[in-house]
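Engineer: Before we start, here is the structure in question, set down as structure tokens.
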Amino acid sequence: MATYYSEEHEWITVEGDVATLGITQHAADQLGEVVFVEQREAGDEFEKGDEIGVIESVKAASEIYAPLNGEVVEVNEALADNPGALNEAPEGGAWIYKIKIADASQLEELMDLDGYKALIG
Amino acid sequence: MTDAPKRTPLYDLHVELGGKMVDFAGWEMPVQYPMGIMGEHKQCREKAALFDVSHMGQVILRGDNVGEKLETLCPQAFATLKEGKARYGFFTNDDGGIMDDLIVSNAGDHYFVVVNAALRHQDIPHMQANLDGVEVTEIFDRALVAVQGPSAEEVVGSLCPAARELKFMETTVAEIDGVECRISRLGYTGEDGYEISIPEADAIRISKLFLAHDDCEPAGLGARDSLRLEAGLCLYGNDIDQSTSPVEASLGWAMQKRRKEEGGFPGAARIQKELAEGAAKKLVGIKPEGRAPARQGVEVQTLEGDSIGAITSGSFGPTVGGPVAMGYVATEHSAAGTKVNLIIRGKAQPAEIVALPFVTQNYKR
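Protein chains in written order, with the numbering used here: chain G, 1 to 121; chain R, 1 to 365.
Rendered as structure tokens:
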């Protein structure tokens, strides 16, 4: 199981052709306390760079951008009742989507952990 | 702002306390501390929180009949403001819009005025140009610290017994640990509390004395904004500006009867007409029924889809436990209980017009 990172501070872990997507600890720290997550529905298709959701903290709204082409296959519905999970365990249990990957070659455009660490300094 | 952000006398304390510093109106201010906005907000509602508000402009007015002269710029009854009392007010422009809001205190031998950080550079020349025979002096060597919350009387009173004697909107000068401070019982959170003007050299030491109390923790601008929004208090630049009149802004309570009747302030023609006939739009509380916060700029529609206004302040209210907002709607749709839709990211989200404040104000009257 490989983990990749996007410049939009998302992580994805890949198993076969399914990716689990969440936000990084760094993103969670920058956002502050999350109070609402707007999510797409299972079956929604999207392309890399599309807005696929919004995370609202007390102060501001931040978009979630698709790190690759794909389709939502599962939504973490627990975030509706407990959006604060994104602060407590952004890289643990608090995933946002499971995504069916449309074009695995796009994974090469993402960063590994060392690359991401270099990005956030 | 082209200049580097300025620092208040409490800057080193913010850094020491782990404050997350941001540029606000040209000042480097803490938006939050490690406790976080939600925790700091609840700290203020339940115990006490200390805020640095030194970025606001502190001004001394000296001269004869200062209160009467201020009445030529503001629709408040400052001529009859008694010594030791403070009053909320605003400068109006010739079109009846609001130039800035302010607090005026009658300090006996002078008047003490606090104006918004971003508008110091407008307000001070405005007073210098229009208050004939009044010496207008901006204070640069004092911090302004707010201690707010139900424990504020204990936190401040344990160091300064005179603070306990003040009622809401009263002001005095008293010593705190040997330093002469101006202490006013007022604030911007909806809670009981004080704003304290402290000589800059003593500001960190005295703030630390407040913070040494078990019930007092530091809070940043984030919590200040969510607290004032729940309390239904306007933020200049969001909810009120040069184009909005005090009647539209539901600030009729802040204009005293004599002034409303007599006029004699800039824009009186429009404001008196709106007082008599009503204004076309009105600032109201708006409670989204779902969980999505409605931010500034979100369109308000009737259930039939007609546009009737926009959100001017909107966030998550930690004490309410859900989103809260204020905005202007057409007066015919402004009654509490009216159901509306908010257009958030293209989707209509149900909401209701509600009476302000969202949280009961807790002042010591």
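Backbone N, C-alpha and C define an ideal beta-carbon position, used for all residues, glycine too. Model, not experiment: these values are computed from the prediction.
#1: So G:Val73 contacts chain R; which residues on that side make the cut at Cβ distance below 9 Å?
#2: According to a CB-to-CB cut-off of less than 7 Å, which residues of the region 24-37 of chain G neighbour chain R?
#3: Closer than 7 Å, Cβ to any Cβ of chain R: which residues of the region 52-67 of chain G, in chain order?
#4: Let me make sure I understand the geometry here. Which of R:Lys273, R:Gly108, R:Val298 and R:Ile204 has the alpha-carbon closest to that of R:Asp95?
#5: Check the Cβ-Cβ distances between R:Ile286 and every residue of chain G, and say whether any is below 7 Å.
#6: Taking the alpha carbon of R:Glu46 as the reference point, which residue from R:Leu73, R:Thr172 and R:Asp192 has its own alpha carbon closest?
#7: Apply the 10 Å Cβ neighbour rule to R:Leu61 and answer buried if 16 or more other Cβ atoms are within range, or exposed otherwise.
#8: Along the chain, which unbroken stretches of the beta strand (DSSP E) at least 3 residues long are found entirely within the region 204-290 of chain R?
#9: In this structure, how does DSSP classify R:Val15 when only helix, strand and coil are distinguished?
#10: Comparing C-alpha positions only, which one of G:Gln25, G:Thr20, G:Ala2 and G:Thr13 sits nearest to G:Val73?
#11: Looking only at C-alpha atoms, which of R:Val113, R:Ser307 and R:Phe24 sits nearest to R:Asp3?
#12: With DSSP as the reference, please indicate the residues paired to R:Gln58 in a beta bridge.
#13: How about R:Phe265: is its C-beta nearer than 7 Å to some C-beta of chain G?
#14: Excluding the 5 residues flanking R:Ala223 on each side, which residues of the same chain have their C-beta closer than 6 Å to its C-beta?
#15: Beta carbon of R:Ser315, beta carbon of R:Leu229: below 7 Å?
#16: Residues of chain G with CB under 7 Å from R:Arg291, in chain order?
#17: Name the chain G residues whose beta carbon is nearer than 9 Å to that of R:Ile37?
#18: Residues of chain G with CB under 7 Å from R:Gly222, in chain order?
#19: Could you give the first and the last residue of the continuous alpha helix (DSSP H) run that contains R:Met38?
#20: Who are the near neighbours of G:Ile101 in its chain, counting only those whose CB is closer than 8 Å to its CB and skipping five residues on each side?
#21: For R:Trp253, is the classification buried or exposed, using 16 other Cβ atoms within 10 angstroms of its Cβ as the cut-off for buried?
#22: For a cutoff of 7 Å on Cβ pairs, would you count R:Phe378 as touching chain G?
#23: Give the list of continuous alpha helix (DSSP H) stretches no shorter than 4 residues that lie fully inside the region 15-62 of chain G.
#24: Compare the C-alpha of R:Gly26 against each of R:Met56, R:Gly19 and R:Val15 and name the closest.
#25: Bridge partners of R:Phe24, per DSSP?
#26: At a CB-CB cut-off below 8 Å, which residues of chain G make contact with R:Ser315?
#27: Got a sec? Which residues, its chain only, sit under 7 Å from R:Ala336 by beta carbon, not counting five neighbours each side?
#28: Rounded to the nearest angstrom, how far is the Cβ of R:Thr172 from that of R:Gly84, given a contact under 8 Å?
#29: DSSP three-state call for R:Lys69: helix, strand or coil?
#30: Can you look up R:Met169 in the DSSP assignment and give me helix, strand or coil?
#31: Which value, in whole angstroms, describes the spacing of the CA atoms of R:Glu153 and R:Glu71?
#32: If you follow the beta strand (DSSP E) that R:Asp100 is in, where does it begin and where does it stop?
#33: Which two residues bound the contiguous beta strand (DSSP E) that contains R:Asn341?
#34: Taking 7 Å as the threshold (C-beta atoms), are R:Tyr194 and R:Val156 in contact?
#35: Should R:Met127 go down as buried or exposed, given a rule of 16 or more other Cβ atoms within 10 Å for buried?
Structural biologist: Reading from the atomic positions:
#1: Within 9 Å Cβ-Cβ: nothing; G:Val73 doesn't reach chain R, min ~23 Å.
#2: For the region 24-37 of chain G, the set of residues with a beta-carbon nearer than 7 Å to any beta-carbon of chain R comprises Gly32, Glu33, Val35 and Phe36, in chain order.
#3: Cβ contacts with chain R: Val54, Glu56, Val58, Lys59 and Ala61.
#4: R:Lys273
#5: So, not an interface residue.
#6: R:Asp192
#7: buried
#8: 216-218 and 281-288
#9: R:Val15: helix per DSSP, three-state reduction.
#10: G:Thr20
#11: R:Phe24
#12: R:Val114 and R:Ile139
#13: no
#14: Ile37, Glu40 and His41
#15: Yes.
#16: Phe36
#17: Gly32, Glu33, Ser57, Val58 and Lys59
#18: Correct list: Val58 and Lys59.
#19: Ile37 to Glu46
#20: Val14, Asp17, Val18, Ala19, Leu68, Asn69, Gly70 and Leu107
#21: exposed
#22: Since the first residue of chain R shown is 1 and the last is 365, residue 378 of chain R is not available in this structure.
#23: Counting whole runs of 4 or more residues, the region 15-62 of chain G contains the alpha helix (DSSP H) stretches 25-31.
#24: R:Met56
#25: R:Trp27
#26: Val58 and Lys59
#27: Ile353, Val354 and Ala355
#28: 6 Å
#29: Residue state, collapsed to three classes: helix.
#30: coil
#31: 33 Å
#32: Ile98 to Asn106
#33: Lys339 to Ile344
#34: yes
#35: buried
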